[in-house]
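Residue numbers (the numbering used here): 13 to 357.
The beta carbon of each residue, even a glycine, is placed where N, CA and C say it ideally should be.
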């Protein structure tokens with residue numbers, strides 16, 4: 013009986029220890045139960061979404077089946093509508109498909125040779141160079157030979173002489189090209205007109221440069237020539253040039269002159285009005301600059317010494333008042349002017 017009591021006492025102690033352990037782990041048990049409950053909710057939601065996806069999949073399969081049936085019907089109808097081709101028709105179709113396409117080029121306003129094609133640019137170029145050359149031979153302002161004239165009379169006289177030689181060189185260039193190069197210009201009258209007006213304008217610009225700056229003005233004329241050569245677009249489209257020259261192209265006279273000459277030779281729209289407006293602006297501004305230069309050069313501000321218009325040696329000439337002999341044209345001009353200033357009025 014004593015042994016039984018001991019065993020019962022030990023069992024009670026184990027039971028008490030197990031109850032303590034259960035009490036300590038009851039919190040973890042509750043946490044696990046809550047996590048299990050949340051997992052069951054997520055599982056329930058996922059099962060609902062899977063059910064909806066299954067329904068959408070079933071609808072897509074139905075549409076796919078319907079589309080496949082429609083495609084089958086369309087292919088069947090198309091196959092029935094394909095025409096039958098015999099051997100002769102098949103041979104013609106294969107020959108047409110294997111043949112190379114023929115391209116027929118059509119040239120608008122053609123010229124008969126390269127000379128006529130390059131003539132517009134070189135005509136405009138030589139007229140400008142002729143304007144430079146005229147004032148290598150003649151003075152831009154002949155003030156020393158006519159000291160009694162007013163500045164505007166001297167300016168107009170010099171401009172008239174320049175315009176006359178400009179017109180003569182234009183007629184000479186056009187006539188020579190027509191005779192020797194056989195331009196066969198489609199509009200010969202327009203060609204002569206634009207050449208004469210362009211030459212007069214070019215001469216006016218070169219005269220203004222020399223009248224304002226003396227012989228140094230020829231450097232400005234050459235700079236303008238270089239800018240126009242690169243901006244004209246006569247040999248290659250101006251769109252292939254840098255943006256700076258594309259900007260200058262419509263502002264410079266040679267662009268419009270070359271374009272109008274090309275149209276006069278080959279045919280097509282002349283663009284004569286725009287060319288005349290640009291030439292008129294450049295010519296008028298140049299004449300105004302020449303008159304202003306004539307006013308400045310009168311009196312005590314003569315034209316500077318120009319080696320191109322002066323011989324190295326001239327015969328000894330005495331002035332009316334017995335001045336020393338002059339050894340060159342510059343000294344002769346200065347002594348003559350001083351003598352005239354000292355004459356009694």
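Can you tell me where the alpha helix (DSSP H) with residue i in it begins and where it stops?
| i | result |
| --- | --- |
| residue 283 | Careful: residue 283 lies outside any alpha helix (DSSP H) and carries neither H nor E. |
| residue 108 | 99-110 |
| residue 139 | 126-149 |
| residue 245 | Element bounds for residue 245: n/a, residue is neither H nor E. |
| residue 96 | Note, residue 96: premise wrong, no alpha helix (DSSP H); not H, not E. |
| residue 259 | 255-260 |
Can you check whether the CB of residue j is closer than 8 Å to the CB of residue i?
| i | j | result |
| --- | --- | --- |
| residue 136 | residue 269 | yes |
| residue 152 | residue 223 | yes |
| residue 220 | residue 162 | no |
| residue 260 | residue 233 | no |
| residue 206 | residue 272 | yes |
| residue 189 | residue 195 | yes |
| residue 267 | residue 285 | no |
| residue 185 | residue 139 | yes |
| residue 197 | residue 191 | no |
| residue 143 | residue 214 | yes |
| residue 182 | residue 170 | no |
| residue 173 | residue 147 | no |
| residue 283 | residue 275 | yes |
| residue 291 | residue 210 | yes |
Should residue i go down as buried or exposed, given a rule of 16 or more other Cβ atoms within 10 Å for buried?
| i | result |
| --- | --- |
| residue 56 | exposed |
| residue 28 | exposed |
| residue 164 | exposed |
| residue 166 | buried |
| residue 49 | exposed |
| residue 247 | exposed |
| residue 5 | Examination of residue 5 is not possible in this model, given that the chain is present from 13 through 357 alone. |
| residue 262 | exposed |
| residue 121 | exposed |
| residue 325 | Confidence is the limiting factor: at residue 325 the pLDDT is only 42, short of 50, which leaves the residue's position unreliable and the question unanswerable from this model. |
| residue 306 | buried |
| residue 87 | exposed |
| residue 218 | buried |
| residue 302 | buried |
| residue 132 | buried |
| residue 240 | buried |
| residue 300 | exposed |
| residue 45 | exposed |
| residue 123 | buried |
| residue 309 | buried |
| residue 230 | buried |
| residue 102 | exposed |
| residue 80 | exposed |
| residue 175 | buried |
| residue 128 | buried |
DSSP three-state call for residue i: helix, strand or coil?
| i | result |
| --- | --- |
| residue 119 | coil |
| residue 67 | helix |
| residue 39 | helix |
| residue 25 | helix |
| residue 198 | coil |
| residue 330 | Low confidence applies to residue 330: its pLDDT is 41, below 50, so where it sits in the model is not reliable enough to give any reading. |
| residue 153 | coil |
| residue 81 | helix |
| residue 92 | helix |
| residue 160 | coil |
| residue 265 | helix |
| residue 61 | helix |
| residue 75 | helix |
| residue 19 | helix |
| residue 322 | At residue 322, the pLDDT of 47 sits below 50, so the modelled position is not reliable and the matter cannot be decided from this model. |
| residue 336 | Only weak support is given to the placement of residue 336: the predicted model assigns it a pLDDT of 40, under 50, and the value that follows is read from those uncertain coordinates. Residue 336: coil per DSSP, three-state reduction. |
Would you please verify whether the beta carbon of residue i is less than 8 Å from any beta carbon of chain D?
| i | result |
| --- | --- |
| residue 214 | Any reference to chain D falls outside this structure, which holds one protein chain only. |
Out of the options, which one is the CA nearest neighbour of residue i?
| i | options | result |
| --- | --- | --- |
| residue 200 | 278, 259, 232, 144 | 278 |
| residue 304 | 272, 258, 225, 91 | 225 |
| residue 264 | 170, 275, 78, 288 | 288 |
| residue 130 | 118, 78, 193 | 193 |
| residue 178 | 276, 231, 208 | 208 |
| residue 238 | 141, 255, 99 | 141 |
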